[in-house]
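J.: First the structure, then my questions, so here it is.
Number of protein chains: 2
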Amino acid sequence: IRKIMNVVISVAKDTKKLGEEDPRRIIHSFKVGLAITLVSLFYYFDFFYAGFGVSAMWAVMTVVVVFEFSVGATLGKGINRAIATLLGGALGVGAHRLASFTGEKVDVIMLGLSVFFIASSVTFIRFFPKLKARYDYALLIFILTFCLISVSGYRNDEVLEMAHRRLSTILIGGSATVFICIFICPIWAGKDLHNLTANNIEKLAIFLQGFGHEYFETTNDKNQENVKASIDGYKTVLNSKGTEEALVNFAKWEPRHGKFRYRHPWDQYLKIGSLTRECAYRIDALNGYLNSEMQTSPEIRTKIQESCTKMSSECSHALKELALGINTMTSSLPADPHILNAKTAAKKLKSSLKTGLWPDTDLVDIIPAATIASMLIEIVSYTVKIADS
Amino acid sequence: IRKIMNVVISVAKDTKKLGEEDPRRIIHSFKVGLAITLVSLFYYFDFFYAGFGVSAMWAVMTVVVVFEFSVGATLGKGINRAIATLLGGALGVGAHRLASFTGEKVDVIMLGLSVFFIASSVTFIRFFPKLKARYDYALLIFILTFCLISVSGYRNDEVLEMAHRRLSTILIGGSATVFICIFICPIWAGKDLHNLTANNIEKLAIFLQGFGHEYFETTNDKNQENVKASIDGYKTVLNSKGTEEALVNFAKWEPRHGKFRYRHPWDQYLKIGSLTRECAYRIDALNGYLNSEMQTSPEIRTKIQESCTKMSSECSHALKELALGINTMTSSLPADPHILNAKTAAKKLKSSLKTGLWPDTDLVDIIPAATIASMLIEIVSYTVKIADS
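Chains A and B, in that order, are what the protein sequence lines are. According to the numbering used here, the first sequence is numbered sequentially starting from 1. According to the numbering used here, the second sequence is numbered sequentially starting from 1.
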């Protein structure tokens with residue numbers, strides 16, 4: 001019994017954490033509940049007034065399947081589903097009618113062949129990367145509707161009526177979903193993407209800020225644990241590609257909202273994202289030296305300390321300005337002087353290395369920093385583009 | 001007209017490329033076509049013998065929705081769907097029966113509340129990361145079945161019959177799908193994962209092999225383009241995390257096949273994968289120096305050339321041995337001497353740097369290589385574990 005209690009408590013804790021991490025999850029759950037209940041009641045009452053009959057269940061099904069976390073995803077799925085049902089239904093009715101002109105036996109063979117042909121070819125089409133990204137669901141529903149309608153054993157006029165009923169119930173379910181999704185506490189994928197991009201850049205900034213102190217051990221031991229934790233934040237940036245691509249796809253479906261126009265240049269976010277990731281790869285390499293076994297002697301460290309700390313803190317400031325610039329959607333001019341500072345520090349360090357005044361074992365962490373500085377310049381050029389738009 | 005022709009030709013080319021890249025895609029498309037046709041015909045004939053009635057369409061729907069590219073994904077979805085339908089149906093029948101004991105008005109309110117409660121809470125449960133990874137589809141279908149059955153306006157005995165019919169048609173569709181998926185040219189996610197892991201390691205090896213020559217420009221200009229292309233292969237490794245995780249999830253559903261037991265330690269692949277990626281991050285940093293603007297003078301290069309070329313080629317050999325070891329599932333002993341060689345080369349280089357015989361501007365590309373060497377040792381220790389299993 002105690003074991004069960006423990007499980008219950010840990011589950012409750014997880015639940016609380018999930019809710020606190022992102023309260024929109026709770027709101028989303030209630031929204032889904034609301035939408036399903038409304039449409040279910042529509043389905044329930046319809047039974048007595050016998051308007052749509054069994055077809056009314058398609059409305060419920062549409063709500064359950066189409067309602068996604070963000071507005072973009074919901075709209076995309078809804079539009080996919082509506083168009084695919086329309087096309088698949090039309091083609092299905094066509095195939096059904098064509099088959100009904102022929103004899104009893106030929107009929108079946110024709111339908112079987114057409115189903116086989118359509119299903120195989122559309123399944124293959126689903127492998128095209130571009131279509132897969134945006135219209136995968138539509139292609140699936142297209143196959144489904146086509147098969148269900150063309151093979152149904154109804155008479156001609158019945159088929160047309162069934163297709164019509166199915167389409168209209170799906171439209172009812174879909175529009176209820178979209179309505180609730182957009183007008184009750186909407187969750188915009190575009191906004192999420194925007195914040196994600198800014199946050200990722202900021203995480204890199206936090207790392208660079210901590211790195212100088214951490215490496216040269218200028219901080220007290222007391223809050224070292226804290227620093228360590230904040231430093232590791234950049235690790236989520238390394239694998240952010242999938243999330244970003246999904247959000248961009250969703251965002252493309254969204255109408256104008258908040259600060260974003262309908263045709264906001266979402267692809268720019270992918271570019272910034274990939275630059276941020278490349279920067280994060282360098283930072284990961286840099287991070288390796290914090291934990292590596294080969295330690296440099298303190299004398300050498302102090303010699304490079306000034307320039308290195310300067311570089312990493314200037315880069316950090318620049319990145320923070322960039323993140324802020326993205327957040328407020330303004331041009332990122334305040335970042336430029338920081339980048340210049342970082343560059344001059346890097347140059348100074350390089351020239352002091354060239355004079356060869358001291359033995360050098362661990363210059364390693366400098367030139368990656370220089371790389372980061374040059375990366376930053378690239379990022380800036382992109383960010384200016386974005387900030388303009 | 002010419003424009004349309006061009007579009008047609010380019011689409012045809014894309015299609016050919018898709019098919020050639022992975023011929024299993026074509027086979028998969030035909031399998032889906034076959035399964036859908038079979039089940040559609042079952043649906044078609046059922047209309048005349050009136051066994052399942054409208055419920056027979058659930059068989060078609062199950063095939064369309066459940067049939068995925070790999071066996072693991074199909075099995076996972078099929079099992080999810082079957083269990084969720086069973087549970088959702090049972091709960092739905094229960095709610096329906098409970099509501100029918102009460103009066104006309106209370107009835108509706110009770111059903112509405114229960115649908116709202118179930119839909120909201122299950123939607124929230126879908127956010128739990130562990131459940132999302134493996135049972136997301138089941139939770140969705142659970143909501144769907146529960147709503148459709150509990151809210152349907154049928155009488156009590158009808159509801160039970162409907163639930164029973166729906167479950168059995170879904171089982172028919174699901175088992176047809178699984179049967180065709182497993183017994184006609186199966187595509188195993190486990191095997192794909194295994195090959196992906198080995199290929200990724202090999203891609204890193206190819207980079208390291210090319211890197212030495214490329215950096216010190218010992219190759220002829222003629223085949224430089226070739227080398228460049230093969231070197232860039234590692235870039236796909238950087239973002240392989242999503243694919244790997246999906247494949248591991250699918251692989252866990254698969255029964256014993258080929259060289260893999262049922263409970264193959266799939267999670268080990270995730271560990272190897274993440275180590276491979278960390279190695280790839282370093283390599284990406286290293287690659288930056290190939291294209292960087294700051295060039296070192298040739299004299300300095302020649303001094304470090306020997307050790308560096310040695311290190312990168314030894315690492316490359318070791319990685320190749322590891323990839324081969326994974327492919328053939330043998331212990332990777334032949335890799336060990338290469339790693340030892342690489343380590344001694346790294347040590348030699350480091351000590352020669354310490355003596356400070358020459359000005360040093362670009363030692364940078366050495367210590368990352370040393371890092372890679374130490375990474376390799378970690379990878380080896382994991383690989384040995386795998387090879388044993």
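In this text, a Cβ means the ideal position worked out from N, Cα and C, and glycines have one as well.
Taking I125 of chain A as the reference, give the member of B:T15, B:G190 and B:G89 with the closest Cα.
T.: B:T15
J.: According to a CB-to-CB cut-off of less than 8 Å, which residues of the segment 235-254 of chain A neighbour chain B?
T.: L238, N239, K241 and G242
J.: I need the boundaries of the alpha helix (DSSP H) containing D14 of chain A, first residue and last residue.
T.: R2 to E21
J.: Are the CB atoms of T197 of chain B and Y281 of chain B within a distance shorter than 8 Å?
T.: no
J.: For the segment 132-143 of chain B, which residues have a CB atom closer than 9 Å to at least one CB atom of chain A, in sequence order?
T.: L140, I141 and I143
J.: Chain A beta carbons: is any one of them nearer than 8 Å to that of Y269 of chain B?
T.: no
J.: Could you list which residues in chain B have their beta carbon closer than 8 Å to that of R25 of chain A, in chain order?
T.: F124 and F127
J.: Could you tell me if the beta carbon of G89 of chain B falls within a distance shorter than 7 Å of some heavy atom in the ligand PLP?
T.: With respect to the ligand PLP, the structure shown offers nothing to examine, as it has no ligands at all.
J.: In angstroms, rounded to a whole number, what distance separates the CA positions of C185 of chain A and F30 of chain A?
T.: 11 Å
J.: Considering only residues of the segment 161-212 of chain A, which uninterrupted alpha helix (DSSP H) runs meet the minimum length of 4 residues and lie entirely inside it, listed in chain order?
T.: none
J.: Considering only residues of the same chain and omitting the five flanking positions on each side of S10 of chain A, which have a CB-CB separation below 6 Å?
T.: none
J.: Need the endpoints of the alpha helix (DSSP H) that R256 of chain A sits in, please.
T.: Here R256 of chain A belongs to no alpha helix (DSSP H), and DSSP marks it neither H nor E.
J.: Between which two residues does the alpha helix (DSSP H) holding E244 of chain B run?
T.: K241 to A251
J.: Using a C-beta to C-beta distance shorter than 9 Å, which residues of chain A count as neighbours of V178 of chain B?
T.: Chain A residues near V178 of chain B: none, gap ~17 Å exceeds 9 Å.
J.: Got a sec? Which residues, its chain only, sit under 6 Å from V106 of chain B by beta carbon, not counting five neighbours each side?
T.: none
J.: For A251 of chain B, which residues from the same chain have a beta carbon less than 6 Å from its beta carbon, with the 5 sequence-adjacent residues on both sides left out?
T.: If we look at A251 of chain B and ignore the five residues flanking it on each side, its Cβ neighbours are G72, A189, G190, L193 and W266.
J.: Contact defined as beta carbons within less than 8 Å: I believe F116 of chain B pairs with L41 of chain A. What is the distance between those atoms, to the nearest angstrom?
T.: Going by Cβ atoms, the distance from F116 of chain B to L41 of chain A rounds to 10 Å, so no, they are not a contact pair.
J.: Would you mind stating whether S316 of chain B and R277 of chain B have Cβ atoms separated by less than 8 Å?
T.: no
J.: If you run the structure through DSSP and keep just helix, strand and coil, what is F127 of chain A?
T.: coil
J.: Quick check: is the beta carbon of I1 of chain A nearer than 8 Å to any beta carbon in chain B?
T.: no
J.: Indicate whether T243 of chain A and V63 of chain A have their beta-carbon atoms separated by less than 8 Å.
T.: No, the Cβ-Cβ distance between T243 of chain A and V63 of chain A is not below 8 Å.
J.: May I have the straight-line CA-CA distance separating I203 of chain A from C279 of chain B, to the nearest angstrom?
T.: It is Lys, not Ile, that sits at residue 203 of chain A in the sequence shown. Those two C-alpha atoms are separated by around 22 Å.
J.: In terms of alpha-carbon separation, which member of B:Y44, B:G173, B:H96 and B:G273 lies closest to V446 of chain B?
T.: What is shown of chain B runs 1 to 389, which leaves residue 446 of chain B out entirely.
J.: Quick one: what does DSSP say T62 of chain B is sitting in, helix, strand or coil?
T.: Three-state result, T62 of chain B: helix.
J.: Going by the beta-carbon positions, is the gap between T145 of chain A and T85 of chain A smaller than 8 Å?
T.: Between T145 of chain A and T85 of chain A, the C-beta gap is smaller than 8 Å, which places the two residues in contact.
J.: At the level of alpha carbons, what is the spacing between I1 of chain A and R165 of chain A?
T.: Each residue's CA atom was taken as its position, placing I1 of chain A and R165 of chain A some 53 Å apart.
J.: Compare the C-alpha of A95 of chain B against each of B:L111, B:T102 and B:L87 and name the closest.
T.: B:L111
J.: Start and end of the alpha helix (DSSP H) containing G94 of chain B?
T.: V71 to F101
J.: Nearest to Y234 of chain B by alpha carbon, out of B:K13, B:V32, B:A138 and B:L208?
T.: The shortest Cα separation from Y234 of chain B among B:K13, B:V32, B:A138 and B:L208 belongs to B:L208.
J.: Of all the residues that make up the segment 109-122 of chain B, which are near chain A by a beta-carbon distance shorter than 9 Å?
T.: L111, G112, L113, V115, F116, F117, I118, A119, S120, S121 and V122
J.: Near I367 of chain A, what residues of its chain come up, given a Cβ to Cβ distance below 7 Å and the 5 sequence neighbours on each side ignored?
T.: For I367 of chain A, the predicted structure reports a pLDDT of 49, less than 50, and the residue's modelled location is therefore unreliable. The matter cannot be settled from this model.
J.: In chain order, what residues of the same chain have a beta carbon less than 7 Å from the beta carbon of G174 of chain B, not counting five sequence neighbours either side?
T.: Correct list, in chain order: T62, V66, G78, R81 and A82.
J.: Excluding five sequence neighbours on each side, which residues of the same chain lie with their C-beta closer than 7 Å to the C-beta of M396 of chain B?
T.: Limits of chain B in this structure are 1 at one end and 389 at the other, which puts residue 396 of chain B out of reach.
J.: Straight-line CA distance for S313 of chain B to F179 of chain B?
T.: 48 Å
J.: Looking only at its chain, what residues have a beta carbon closer than 6 Å to the beta carbon of A133 of chain B, apart from the 5 residues adjacent to it on each side?
T.: N249
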